[in-house]
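Right, one structure below, let's go through it.
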Amino acid sequence: MRIVTAFVAAALATSVLPAVPVASAASSGIHRLLLTPTADPSRSQYVSWSRPVAASGQRVVAVGPDGITRTVPARRKLGTTERTAGSRQYRYVVALSGLEPSTRYRYRVVGRGVATRWRAFTTAGPANRAFRMLQFGDTQVDNDGPPDRIIEAATERFPDARLLLQAGDVVNKPWVGREWSELHEALSPAGQWRSWVSSIGNHEQCRVRSSCRSGAGRGFRSYFQFPSNGFTDQRRTWFFLDQGPARIIVLDTFGSDLRRQRSFLAHALRTNPRTWSIVLMHSGPFASVGDRRNTEMRKWFLPTLERYDADLVLSGHDHSYARGRKAGVTYLASVSGPKYYDSSIRDWRAGGATRVKAAYRTSTYQVISVSPTQLKVRAVVGHRGKGARPAIKVGRTLDGFTLTR
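Right, here's the structure in full:
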């Protein structure tokens, strides 16, 4: 089934809804609930969830400070299969639209005779409104271990974060159902109160891997609903959204359409009406692993990033922390899981970049504060593997920098 790309807006109603019993996820069958952003998160919001069996009559009910009840029927989208994602899940999505910027909305999913408990999200502010977001590197393995703890620690320490970014490889073996279960446990409750954005990695779509099955990244495409920007032949694994003073551009660096994505990147950077341009991609232009050469990423994306003055490029893939600069663009690669590779400066030098900071066997999360005049980034240690260096304790700052306008 094709992913639904259009939604019918529901009529607004001021009447009180009939009482619906609140059920647990287990008893209602409504689970893996997740918020993801639209192209304009100041005015709309995606809500998606799974059920083990097909169900009709599902909807999202949302209430803002105006007291108006908004009820939007769900649309069924691409589901998962036992073969490609370890379980068959029916996936549903709603696009809440006509919302007000910088406004808190309570919401819940309602089905026939059941409903989830109430949760809430806050829409993005206007272009001049400062905000904070958190960014994570690869989680990939043991999502019920360090990644779970890192996401929880980050969102508890910075509860005002409006957006959660992640650089791909959310799972290791996409055909194993347990891995998706552990991922969604790690995303709960954080991803049910603020939007989650991931760039698709190579593991979710079985690229640069053998003995792997994913159905062309079907699990990822099912669980994560991302926007379309109306670009010709655009896929839902690459897109952009505008939040506050930033345009956030997400790429699929292991896709088969890099030429098309390069055109899209140029378009997104060239037409950016916001102050800052932030790019999220799984594999960055400069590898931090000694035996890797990211020449393809440099070939397809580096000239465009430099020509149109991207500010910050966030990536993962190399399972280590590294930050550097080239031609005015800052590049930051990180890891947020317990899988680590060595750390090398070789490919940074080969690509003509200057690496200014690196860490070994150190998982971090990045705190990114965005205002019209400053882009502040702080990397906080979330987990340390055996032999980690430098010797910085969990919860302490590993790295930090500020870009100014």
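The sequence shown runs -25 to -1, 1 to 380 under mature numbering (1 follows the signal peptide of the UniProt record, and there is no 0). Every residue gets a Cβ at the ideal spot worked out from N, C-alpha and C, and that includes glycine. The model shown is predicted, which means the values in this text are computed figures rather than measured ones.
Nonlocal neighbours in the same chain, by C-beta distance under 7 angstroms from residue i, ignoring five residues either side
| i | result |
| --- | --- |
| residue 100 | 17, 76, 77, 106, 219 |
| residue 168 | 94, 95, 96 |
| residue 173 | 141, 143, 145, 199 |
| residue 356 | 337, 339, 367, 368, 369, 370, 371, 373 |
| residue 262 | 268, 269, 293, 322 |
| residue 147 | 115, 116, 154, 178 |
| residue 385 | Outside the displayed span of the chain (-25 to 380) sits residue 385, for which this structure offers no information. |
| residue 32 | 86, 87 |
C-alpha distance - residue i paired with residue j, whole-angstrom precision
| i | j | result |
| --- | --- | --- |
| residue 276 | residue 269 | 11 angstroms |
| residue 242 | residue 205 | 12 angstroms |
| residue 166 | residue 235 | 30 angstroms |
| residue 368 | residue 346 | 29 angstroms |
| residue 239 | residue 318 | 31 angstroms |
| residue 353 | residue 40 | 34 angstroms |
| residue 376 | residue 334 | 16 angstroms |
| residue 70 | residue 22 | 7 angstroms |
| residue 301 | residue 272 | 14 angstroms |
| residue 170 | residue 12 | 6 angstroms |
| residue 184 | residue 229 | 12 angstroms |
| residue 151 | residue 56 | 11 angstroms |
| residue 297 | residue 68 | 37 angstroms |
| residue 279 | residue 237 | 7 angstroms |
| residue 359 | residue 136 | 24 angstroms |
| residue 380 | residue 342 | 19 angstroms |
| residue 288 | residue 42 | 40 angstroms |
| residue 46 | residue 24 | 16 angstroms |
| residue 325 | residue 264 | 13 angstroms |
| residue 274 | residue 87 | 53 angstroms |
| residue 182 | residue 162 | 24 angstroms |
| residue 193 | residue 63 | 11 angstroms |
Under the three-state DSSP convention, the category residue i falls into
| i | result |
| --- | --- |
| residue 195 | helix |
| residue 387 | Since the first and last residues shown for the chain are -25 and 380, residue 387 lies out of range. |
| residue 148 | coil |
| residue 93 | coil |
| residue 227 | coil |
| residue 213 | coil |
| residue 322 | helix |
| residue 59 | helix |
| residue 380 | coil |
| residue 267 | coil |
| residue 18 | coil |
| residue -10 | With a pLDDT of only 45 at residue -10, under the threshold of 50, the placement of this residue in the model should not be trusted, and no figure is reported. |
| residue 153 | helix |
| residue 111 | strand |
| residue 297 | strand |
| residue 106 | strand |
| residue 34 | strand |
| residue 305 | strand |
Own chain, CB closer than 6 angstroms to residue i, minus 5 neighbours either side, in chain order
| i | result |
| --- | --- |
| residue 114 | 122, 145, 311, 312 |
| residue 97 | 79 |
| residue 299 | 306, 323, 328, 329, 330, 331 |
| residue 129 | 109, 340 |
| residue 111 | 141, 311, 340 |
| residue 176 | 143, 144, 257 |
| residue 363 | 336, 337 |
| residue 223 | 216, 253 |
| residue 315 | 294, 336, 360 |
Residue span of the beta strand (DSSP E) that contains residue i, given as start and end
| i | result |
| --- | --- |
| residue 141 | 138 to 141 |
| residue 351 | 349 to 364 |
| residue 98 | It is not in any beta strand (DSSP E) - residue 98 carries neither H nor E in the DSSP assignment. |
| residue 132 | Per DSSP, residue 132 belongs to no beta strand (DSSP E); it is in the alpha helix (DSSP H), 121 to 132. |
| residue 79 | 79 to 85 |
| residue 314 | Neither: residue 314 is in no beta strand (DSSP E) and is coded neither H nor E. |
| residue 343 | 329 to 345 |
| residue 262 | Neither: residue 262 is in no beta strand (DSSP E) and is coded neither H nor E. |
| residue 66 | 64 to 71 |
Contact set for residue i: own chain, Cβ-Cβ below 8 angstroms, skip 5 residues either direction
| i | result |
| --- | --- |
| residue 286 | 251, 252, 253, 304, 305, 350, 378 |
| residue 29 | 51, 65 |
| residue 385 | Residue 385 lies beyond the range of the chain shown here (-25 to 380); nothing can be said about it. |
N-terminal and C-terminal residue of the alpha helix (DSSP H) that residue i is part of
| i | result |
| --- | --- |
| residue 42 | It is not in any alpha helix (DSSP H) - residue 42 carries neither H nor E in the DSSP assignment. |
| residue 236 | 233 to 245 |
| residue 277 | 270 to 282 |
CB contact check: residue i to chain C, cutoff 8 angstroms
| i | result |
| --- | --- |
| residue 145 | Reference to chain C is not applicable here, since this structure consists of a single protein chain. |
Which runs of the beta strand (DSSP E), 3 residues or longer, sit entirely within the stretch 155 to 190? 170 to 173
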